[in-house]
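Enquirer: For the sequence shown, this note's numbering puts the final residue at 249, and the numbers step up evenly by one. In this text, a Cβ means the ideal position worked out from N, Cα and C, and glycines have one as well. Bear in mind that the values here come from a model prediction, so they are computed numbers and not experimental data.
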Amino acid sequence: MKTIYVVGIGTGSAEHVTVAAIDALNRADVLFIPDKGANKSDLADVRRSIIARHVFRPDPRQIGYAVPRRDAQSADYGEGVADWHRTLADIYAMLISDVPENGIGAFLVWGDPGLYDSTLRILDHVAEPIRVEVIPGITAIQALTAAHGIALNRIGEPVLITPGRKLGAITTDTVVMLDGQMAFRDADPNLEIFWGAYLGTPDQILVAGRLGDVCETIANTRTLARERHGWIMDTYLLRKPE
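Written out as structure tokens, the structure is:
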């Protein structure tokens with residue numbers, strides 16, 4: 008049976024890659040590199056730089072694959088995502104067919120495979136029997152709090168993690184991910200915000216302060232950064248001031 012490693016590589020820094028991840032990448036016969044188009048070529052380049060730095064076997068076999076865009080205009084968000092996953096599952100099946108029998112293939116996953124990443128769900132749709140092993144990675148949340156020099160949780164208090172489209176009234180400390188609509192603009196201006204983009208990379212940007220004071224700074228910075236790079240990955244923590 009073929010083995011598929013789903014390897015968390017952190018949020019862009021080659022130094023975020025764990026020893027376990029390095030060992031897994033060196034055991035793999037084939038490394039899969041997603042290509043999200045010219046505007047997001049940096050994401051593939053980061054993966055290749057991690058391979059160049061940490062994979063010691065000569066000429067590791069790398070297979071790039073195009074990632075289709077999800078139909079963001081679908082009236083049914085859940086069904087739109089499900090259709091996208093089924094399309095990706097067909098692509099994954101073709102990639103896995105290139106793994107030798109009893110061999111190992113590895114997907115290099117941004118951040119951690121268990122947090123707002125769909126690789127594991129997509130692999131569930133692959134018909135060929137495979138053994139899946141997950142190697143955890145540093146998440147954007149960890150990179151965010153480390154960059155700001157703060158603890159994620161306050162003593163004895165919970166933390167909510169949500170996508171931007173589900174952000175409502177803030178009743179507890181809240182981490183927001185996947186917020187293309189900048190939902191923080193509708194939040195209580197008296198909240199504290201700790202925002203970061205391109206976390207762990209040389210292009211990292213950080214803004215923190217009272218939301219009402221820095222909201223437009225973040226919105227403008229985010230817009231300009233996306234125009235400059237062609238893509239953006241950002242996350243933020245909202246909380247009531249102590």
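(1) Given residue 103, which residues of its chain have a CB within under 8 Å of its CB, disregarding the five upstream and five downstream residues?
(2) Closer than 8 Å by C-beta to residue 119: which residues in its own chain qualify, once you throw out the five before and the five after it? Chain order, please.
(3) If we ignore side chains and look at the alpha-carbon of each, how far apart do residue 182 and residue 90 end up?
(4) Beta strand (DSSP E) containing residue 69: first to last residue?
(5) Looking at residue 184: is its Cβ nearer than 8 Å to the Cβ of residue 123?
(6) Could you work out which residue in 108, 234, 192 and 38 is closest to residue 172 when comparing CA atoms only?
(7) Would residue 76 be called buried (16 or more neighbouring beta carbons within 10 Å of its own) or exposed?
(8) How should residue 45 be labelled, buried or exposed, when 16 other C-beta atoms within 10 angstroms of its C-beta is the threshold for buried?
(9) Considering only residues of the same chain and omitting the five flanking positions on each side of residue 114, which have a CB-CB separation below 6 Å?
(10) Might you give, ordered along the chain, the residues of its own chain that have their beta carbon closer than 6 Å to the beta carbon of residue 73, omitting 5 neighbours on each side?
(11) Which residues in the same chain as residue 218 place their Cβ atom closer than 8 Å to its Cβ, once the five residues preceding and following it in sequence are excluded?
(12) What runs of the alpha helix (DSSP H), each 4 residues or longer, lie entirely inside the region 101-155?
(13) Return the chain-ordered ranges of every beta strand (DSSP E) run that is complete within the region 35-65 and spans a minimum of 3 residues.
(14) By the DSSP assignment, the beta strand (DSSP E) with residue 241 in it spans what residues?
(15) Is it true that the CB of residue 99 sits closer than 8 Å to the CB of residue 129?
(16) With 16 other CB atoms within 10 Å as the buried threshold, where does residue 176 fall?
Expert: Let me spell this out:
(1) The residues 9, 11, 112, 133, 135 and 137, in chain order, have a CB closer than 8 Å to that of residue 103 in the same chain once the five nearest residues on each side in sequence are set aside.
(2) These residues qualify, in order along the chain: 15, 143, 144, 145 and 146.
(3) Cα to Cα, the separation comes out at about 28 Å.
(4) For residue 69, the enclosing beta strand (DSSP E) covers residues 68-73.
(5) Yes, these two residues count as a Cβ contact at 8 Å.
(6) Of the listed residues, the one whose Cα sits closest to residue 172 is 192.
(7) Residue 76 is exposed by the Cβ-count criterion.
(8) By the 10 Å Cβ count, residue 45 comes out exposed.
(9) If we look at residue 114 and ignore the five residues flanking it on each side, its Cβ neighbours are 13, 39 and 126.
(10) Excluding sequence neighbours, residue 73 sits near 42.
(11) Cβ neighbours of residue 218 beyond the five flanking positions: 191, 194, 195, 196, 197, 198, 199, 200 and 245.
(12) Inside the region 101-155, DSSP marks whole alpha helix (DSSP H) runs of 4 or more residues at positions 126-130 and 147-155, from first to last along the chain.
(13) List check, beta strand (DSSP E) in window: 37-42.
(14) Run containing residue 241: 241-246, per the beta strand (DSSP E) assignment.
(15) Result yes, Cβ atoms of residue 129 and residue 99 sit closer than 8 Å.
(16) Counting C-beta atoms within 10 angstroms of its own C-beta, residue 176 has fewer than 16 neighbours from the protein chains shown and is therefore classed as exposed.
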